[in-house]
Structure formats: structure tokens, C-alpha cells
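Everything on this sheet refers to the single structure shown next.
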Amino acid sequence: MNIAILGTGTVGRALAGRLAELGHDVVIGTRDVADLMARSEPTMGGRLAPFSQWHEVNSEVRVDTFAGAAAGADIAFLATVGSAAIDVLRSAGESNLEGKILVDVTNALDYSHSPPALLVCNTESLAEQIQSAFPSTKVVKSLNTMNASVMVDPRAVGGGDHTVFMSGDDAGAKETIAELLGGFGWEHIVDLGDITTARGTEMYLPLWLRAMQALGTATFNLKLGR
Numbered sequence: 710m711n712i713a714i715l716g717t718g719t720v721g722r723a724l725a726g727r728l729a730e731l732g733h734d735v736v737i738g739t740r741d742v743a744d745l746m747a748r749s750e751p752t753m754g755g756r757l758a759p760f761s762q763w764h765e766v767n768s769e770v771r772v773d774t775f776a777g778a779a780a781g782a783d784i785a786f787l788a789t790v791g792s793a794a795i796d797v798l799r800s801a802g803e804s805n806l807e808g809k810i811l812v813d814v815t816n817a818l819d820y821s822h823s824p825p826a827l828l829v830c831n832t833e834s835l836a837e838q839i840q841s842a843f844p845s846t847k848v849v850k851s852l853n854t855m856n857a858s859v860m861v862d863p864r865a866v867g868g869g870d871h872t873v874f875m876s877g878d879d880a881g882a883k884e885t886i887a888e889l890l891g892g893f894g895w896e897h898i899v900d901l902g903d904i905t906t907a908r909g910t911e912m913y914l915p916l917w918l919r920a921m922q923a924l925g926t927a928t929f930n931l932k933l934g935r
């Protein structure tokens, strides 16, 4: 399957590397390819190596602009900071996303607060804003309730015995994404319903951030028991 990853940070790299490992044709999108490849300094306060170093190890992942990546994809993953989501998708091009599945893994966090607060909540979600702005795209919200390493390898927590959520208006799109999640190793996939249910998973983030502080690690997740 041809898959585009829009975003080159921790989440984008984790998704791109794992999907390529599973045999998919993966391209990772950025605003300026030459600038990205020329950067030599670590980012995120020194926690993230220059992209060129990551790409040396993951050379099977192609690099293109947002528009170039989206144009050739069957499915796109949006893996940017939430505040840039709409702008990045506009750069990718509405026509390049038309009729395609877009997996939104972002969270609308305001980093001017400590810990970060939500930019959107209660009466709307970022996923809904994306679906409204790109009505011909099949938006599926998923994987935003955990860190990148757990997204692509649920066995990192409790042997994989925990839960991932999905929200979206298109049943067929959710079935396709459930198959991809199964490829990652996810066994407990909960379809919450239409795109408005993404409000719940996005509003979980303040609790996730506080749990991370309390536990001293980001490698954890929720399990629904009944």
C-alpha cells in the first residue's frame, strides 16, 4: 500500500519506519526537502537527531514535499503538531487528499501552558475541524492517546493487552485502518463512532500528560475492561 506520512518528527519517523518495515511503500512529507536534509543540529531540545541521520538508517522511506507525498498516497497519516494541522493539509493540497483516508494522530495542544492545555475542546475537536475543512477526505482519528513507540508496537506495554481508539464518519475507512493497526500488533481496537467522538480522545490528553509526570515515563496506555 502507498502511504504518506505528513510530518518528520518523532511520531512521523516512528510511523514511517514501522510501515516500511511491514512492507508498505512509504513516503514522508515535509515543507522543504532540501532544508530538512541539510539540518545538522538535533531538535526538540537535543532529544531528536537530525532527520538526515534517521534517514540513513531508513533509506527505504522516500522524502518529498507535503504535496508530493500526498499525491501518490492511498492513505496519509497526519503527524504534525496539532496547531499546524490545517496549514500542513492545505500545503498537501485538497485535490491530493480527495477521496483518500487521512489518519489524524495529532493533538491540539497549547504549549504556552505548563503542562500544555487544549486549544480545542468540549464542543469541537481538531479532527472535526479537519473533516470540515476537507470534506472529500475520509478522516479517521486514532493513535493520539499514546506516545510514538506504543503507537507502532503495542507490545511495549503489558505485552500489547491494552486499547487503541478510532473515530470517523466512514465505516470502510475505519475498517482499512483497523487492518493497518492490526499489522502494528493491535488486538483491542475500539470504534467509538463518528468523528465527533474524537472530542473524547483529544480531551484525554491533559490526563495523559499528568499520568506521564506521575509515572515518570511516557510508555503506558489505557485498557478498557468490562
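Just so we're aligned, residue 710 is where the sequence shown starts under the working numbering, counting upward by one. Beta carbons are placed, not taken as given, at the ideal position from N, Cα and C, and that holds for glycine.
| Asked | Found |
| --- | --- |
| Starting from the C-beta of Leu933, find all residues in its chain whose C-beta is less than 6 Å away, skip the five residues before and the five after it, and write them out in chain order. | Thr872 |
| If you measure between the beta carbons of Ala680 and Val736, is that distance less than 7 Å? | As displayed, the chain neither begins before 710 nor continues past 935, which places residue 680 out of reach and without an answer. |
| How about the region 874-886 and the region 846-854: do they share at least three Cβ pairs that are nearer than 8 Å? | yes |
| Taking buried to mean at least 16 other C-beta atoms within 10 Å of its own C-beta, is Ser908 buried or exposed? | The amino acid at residue 908 is misidentified as Ser; the sequence shows Arg. Buried is the call here. |
| For Leu916, which three-state DSSP category applies? | helix |
| What's the gap between the Cα of Asp773 and the Cα of Gly726? | 15 Å |
| By DSSP's criteria, Ser851 is part of a beta bridge. Which residues make up the other side? | Met875 |
| Secondary structure at Leu931, three-state DSSP: helix, strand or coil? | coil |
| Of the residues Ala920, Asn930 and Asn805, which one's Cα is nearest the Cα of Val859? | Asn930 |
| Give the list of continuous alpha helix (DSSP H) stretches no shorter than 4 residues that lie fully inside the region 774-858. | 775-780, 794-801, 803-806 and 835-842 |
| Comparing C-alpha positions only, which one of Thr910, Leu890 and Gln762 sits nearest to Asp862? | Leu890 |
| What does the alpha-carbon distance come out to for the pair Glu750 and Glu765? | 15 Å |
| Using beta-carbon positions only, say whether Ala788 and Val720 come within less than 7 Å of one another. | yes |
| Should Gln838 be labelled buried (16 or more other beta-carbon atoms within 10 Å of its own) or exposed? | buried |
| Between which two residues does the alpha helix (DSSP H) harbouring Thr719 extend? | Thr719 to Glu730 |
| To which residues of the same chain is Thr717 closer than 7 Å at the C-beta, ignoring the five residues directly before and after it? | Ile737, Thr739, Leu745 and Phe760 |
| Work out the CA separation of Ala923 and Ile795 for me, nearest whole Å. | 32 Å |
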